[in-house]
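Please read the structure below before turning to the comments.
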Amino acid sequence: MSSYEKLIELNVANKKAPKNKIVTTKYNIITFLPKFLCYQYMQPSNIYYLLNAVAGFIVYVVAPMSNVLPIIFVLFVSAVREIIEDVNRYHQDNIQNNYQYRILRGGQYLLTKSKDIQQGDIINLSFNQEVPADCLLLNVNDTSNVLFVSTVQLDGESNLKRKYTLNQAINNPANVQVDLPSSDMATFNGVYNNSIEFNIQNVILKGMKIKSQSQLVAAVIYTAKQTKIMVSQSKPRQKQSKQSQRMIKIIMIQALISIILMFVLPFLSIVGFQLSKNEPYFAAEPTSLTAIYIQKCIIYFIVLAYFLPISLFVAIEVIRMLMTYQFNLDRNYLSKEAKLYFQEHGKLDISNEELGKLNKVQLSATVKNSAVIENLFEVDVIFSDKTGTLTRNDMKLVQTCDMNNNIFDITTNEKIPEVQIFLLGLCNTLYQFENDIQGESLDEIAFYKGALQYGMQLIQRYADQVIYQYKGQEIIYQILAIVPFSSDRKRMSIILKEVNTCFTPVEISSPNQPFVLTKGADNEILNLCTGNFTSAQFNILQFSQNGLRTLVFGVGKLDDDFIVNWVSRFKDIVNLGEHNHIYQQHVHLVETLIIPLLITAVEDQLQDNLNDTLKSFQEAQIQLWMLTGDKNETALAIAQTSGMISNSDIVIQLTDITDQDSDDSLLLKIFNNLKDVKEIRKLLNNFKKQYYIRKPIRNKVNCFKSEINYSILIDGYNIKKLQDLGLIHVFFFIAQQAKTIIACRLTPAQKAFIVQETKRVNTTLTTMAVGDGNNDVPMIIQADVGVGIAGKEGLFACNNADITFTEFSHLKRAILVNGRYNHIRFSELIDYNIYRNSIIPCITIVYSFYDKFSVNIFFDSLLLLLYNLAIQNFPILFQSITVKDIQEDVLLNIPCLYRLSRDKQRASFKSVYLRVAIGIYQSIIIVLVTRFTFGYGMITQSGQNGDFNCALQFAFVSLIAITTIEYFLYNNFYTYFSLAAVLLIFILTGLAMIFGNYSTLFGITQVASVVLLQNNMQFYLVFFCTTLISSIPSILLVLLTRYYFPTSTDLARSYKIE
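Mapping the sequence shown onto the UniProt record's numbering, position 56 (from 1) lands on 56, and the numbers just tick up by one.
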């Protein structure tokens, strides 16, 4: 008893007991500002911009507010988003906290709000009520002691679960001893009143819904944040897109360049000061060279901050939000039910009776981590579960086989022995609920449908008996004990005894004799039995090679005295749980008495369009892994049927690893058909050294080039064997070049290990893990892109995924189309933002050569502010959501374009700094033309020379035109959005200049300058020439690339699908 760490007193007034108030909000009115600012300024970029704004008040370069307002804008946008999200959380919390429940207080049940429920309270629940906290079941108001609950909100499974009460009245005093709160939904052990042990079968968890008509009484164990559902909602591992990682590296280079220039350029200012200090027009400067240097460092710190555009971070958040919204609204990702409803009604109505039964993720694709959708275009490896992911998880019994090699075809209604009908119908824990059959697994339902096909029908199941009808006769069985299925045991058993009748076949039981029925994985059942099962194993192999799932049924006839003692003892130890050795030994006593009688073959059909999807991925050179708990033969058959492995592929089977194996022996086993094993051995030795350093390997080093297409088949046992022998590096070495890898009989931990090690072996790889069940969650969390399929095994995988889909085939469009479009939109945004902001400091530096490096800023403060935040920001974002480089049908029909384009990832140092180099050229042209034009003869309509302010206006308009042309030159398709974006840019520019012309809010530099220039034809002529000359390099680069050195993208753009 003392092993439990928490003691809870029941039905005792205790003001200090934790209450059930749910609070998921991050802030309140008092804490919002300090918490929000603290979070924001944990980011280095925000600290940098804050220092830059402070520097603007120390040394005047531009109006200080032009540096402050962008920071305020960014904080405002972030704050609004945080407030909206937190207000939504607050409303959801209020709904839950204000539900009312009957709580025992002062000897009577009183209506109490959920938030006022305390740990240790006694609660009364009834039909269809949601459980407000984790509770221990004490009793129900009938004799069954059985309760049915819905767990759809916890795991998405629609089938009801059975719970058992302790059948205990409310005692005072009473207590419960339990373990500390945990996120493990499958475990909940403790002791009631120091004497009665209980487990998860006696506990109802927060979020479950009562589905029994009975009134029940339960004790509140854990409340609010201590409940399992709340504990399990801890923040997942933060994932960052590969594109963001490249962007950060580029920003760091930009920052380094800025720091170097910030300390180098002031030396040139000192030189300019020494050369010009005696000139009459030279403005007064500090006499101390040190003071001049420090002052100029601060000025350049302010000016060079444009190399790190603050607008980029705003644009990234906005474009991610828009891309996520677009992705979620894509009708191509609708489930079959939702698509049919949409076709009939033209809209989706989740209040509809049929659609309302489904969770959001079961209707369409859902992006849960916006940063990760950028990784879709960079996926190199896909790890996929089999059952429910590649297959439908829609089980259908197709064949049976007895121990005499007689095979029966269920699909043709071929007559089967009566003993098989009874085995299929009895060996389960099914029950009827609202005229529907509910069960713990889809296999059980498939077996029951097989029995029903031959006339055996379940009428009703109670806690201690079950009633069937067969050939018009009612058959009642007493349920003596049930040993439930578990993933560790891989089998279940039920002990029955027919009551008052003798319809049970003699192969199963003699009259009035108890018997045990056991079903499970073939290797588990046959290992329990004694005898020669060679022929049975051959039939199992044949079924598996046809892609069928196999289970074996066994029967044991029991002695009355033996079973009475066994059942009595089992009731005493059942709450110890399956991992307890006493429990295991006791169960083993009865299960070793069985003899195998029946082999079943269940078909699980492939997902729709699976072959086409997998073929497309292989053409795109994406490596495919199947990670499954199923047997080798079944997994291999599914891989061949689905097209993961073709007939021409050589399958290397690593299923016979021995203690005597070594690097050399494995290489000879694997590559006995390759000529140059010596060279491979050398590469393997180099790989081995790096692998066991346990540090990430930065690139695909020591990779051999295989002369053949080969796939690998391995199982969990041999993976463990390779680890124990220190040979696991051999597996990952050869896996690098394999076309497909099939890994079978894996535990969830082994799935996660394979994903983790594949990433470490080559950190340049982008991995995707796809699954639908709870056992897939560890690998989904480990992968760069975690994908949940909303299938029939619940929503555990979807709850932990970055993106969810209703079908595996939807991944084709997500990777080849949406992934590509998101990639080019995001990369162009990065390239363009760094380019357009780099021009500002470049113009200032070029102009410094003419003003003795006194560092006069070349643009008006208002124009700089609007340029950074609005003029070249919102229109580009508006246009970015429609950017495409190739039409969708071409991408879907030519998957090899994925790899051809994937090898030229952006944003990259090459793509960014090519644009920056063009920006430097353009800044030189702008400065030279402006200086020449306004220094030597730009005459206004009044006959005056254009002044410096007019020159600034001219330079700014030229900058807007040049950067706009630069952006749209790289677009491949022009739409109405493109036209609207261009118009918006020039409208915003015009408004900014008109505002500056008539307002002194941001200084006087713009006042009257527009009036002087607007009717001057020289201005328009020089403006046109400047824009053209500045754009020549970009125009030539685009023309040469597209027409003389076209990429695969350029060629595919003109391709049309008939």
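Glycine included, every Cβ here is placed at the ideal spot set by N, Cα and C. Fair warning: this is a prediction, and the values are worked out from it, not measured in the lab.
Distance CB(residue i)-CB(residue j) smaller than 8 Å
i: S370; j: T412; result: no
i: L397; j: V602; result: yes
i: V419; j: L597; result: yes
i: N818; j: F327; result: yes
i: I204; j: K163; result: yes
i: V567; j: L480; result: yes
i: L866; j: A992; result: yes
i: S335; j: N609; result: no
i: A981; j: I830; result: no
i: E778; j: K739; result: Note that residue 778 is Pro in the sequence shown here, rather than Glu. No, the Cβ-Cβ distance between P778 and K739 is not below 8 Å.
i: V59; j: I857; result: no
i: A133; j: K206; result: yes
i: R681; j: L667; result: yes
i: L308; j: S269; result: no
i: L727; j: R820; result: no
i: L517; j: L458; result: no
Same chain, Cβ closer than 7 Å to residue i, neighbours up to 5 away in sequence not counted
i: S150; result: L160, M208, K209, K211
i: A186; result: I200
i: N611; result: S642, G643
i: K670; result: Looking at the sequence provided, one finds Ile at residue 670 rather than Lys. Once the five neighbours on either side are set aside, the close Cβ partners of I670 are I652, I734.
i: L1052; result: For the record, residue 1052 in the displayed sequence is Ala; it is not Leu. Closer than 7 Å at Cβ, skipping near neighbours: I886, V890, I894, L897.
When the options are compared against residue i, the one with the closest alpha-carbon
i: Q737; options: D715, V761, F909, L746; result: V761
i: Q243; options: V982, L914, R320, Q879; result: R320
i: K16; options: Q40, Q118, Q100; result: Q118
i: A917; options: N837, L891, L928; result: N837
i: Y583; options: Q621, E337, R489; result: R489
i: F995; options: L376, I1035, D860, D380; result: D860
i: T747; options: C135, N868, K631; result: K631
i: K759; options: N774, V785, R745, Q129; result: V785
i: L548; options: D715, S1034, D394; result: D394
i: L69; options: V54, V59, R81, E82; result: V54
i: D443; options: I475, I459, M492, Q585; result: M492
i: L528; options: G554, S544, A536, N539; result: G554
i: Q108; options: K115, I122, Q96; result: I122
i: Y192; options: D656, L180, L137; result: L137
i: L7; options: Y222, V552, S288; result: Y222
i: S78; options: P514, A735, R915, Q40; result: Q40
i: A255; options: Y48, I421, D409; result: Y48
i: Q100; options: D116, F977, R825; result: D116
i: Q246; options: T613, H91, F826, I815; result: First, the residue type needs correcting, since residue 246 is Arg and not Gln in the sequence shown. Nearest C-alpha to R246: F826.
Cβ-Cβ separation, residue j to residue i (assumed contact under 8 Å), whole Å
i: T550; j: I595; result: The Cβ separation is near 18 Å, so there is no contact.
i: L541; j: L593; result: Not a contact, Cβ separation roughly 27 Å.
i: G450; j: Y470; result: Incorrect: roughly 14 Å between the Cβ atoms, too far for contact.
i: N189; j: D179; result: 6 Å
Cβ-based neighbour list, residue i, same chain, cut-off 6 Å, excluding 5 preceding and 5 following
i: Q922; result: I962, S1030
i: L900; result: S1048
i: Y691; result: H729
i: T504; result: E498
i: L1039; result: none
i: N673; result: Because the pLDDT at N673 is just 49, under 50, the model does not fix this residue reliably, and the point stays unresolved.
i: N702; result: Annotation note: pLDDT 48 at N702 (below 50); position unreliable, coordinate value reported separately. Result list for N702: L683, N686, F687, in chain order.
i: N775; result: P748
Beta-carbon proximity list for residue i, same chain, < 8 Å, skipping 5 on both sides
i: T391; result: D604, Q605, L606, Q607, I638
i: N580; result: I573
i: A224; result: P18, K19, N20, K21, I22, V23, A133, M230
i: K35; result: K26, Y27
i: Y850; result: V927, R931
i: N98; result: K113, S114, K115
Please give the ranges of any beta strand (DSSP E) in the region 189-238, keeping only runs that are unbroken, at least 3 residues long and fully inside the region.
190-192, 196-198, 216-222
Ranges of the alpha helix (DSSP H) found wholly within the region 287-337, counting only runs of at least 4:
289-303, 310-329, all fully within the region 287-337.
What are the start and end residues of each continuous alpha helix (DSSP H) run of 4 or more residues lying completely inside the region 681-767, in chain order?
Runs found: 716-725, 728-735, 748-761.
Whole beta strand (DSSP E) elements within the region 445-481, 3-residue minimum:
456-461, 465-470
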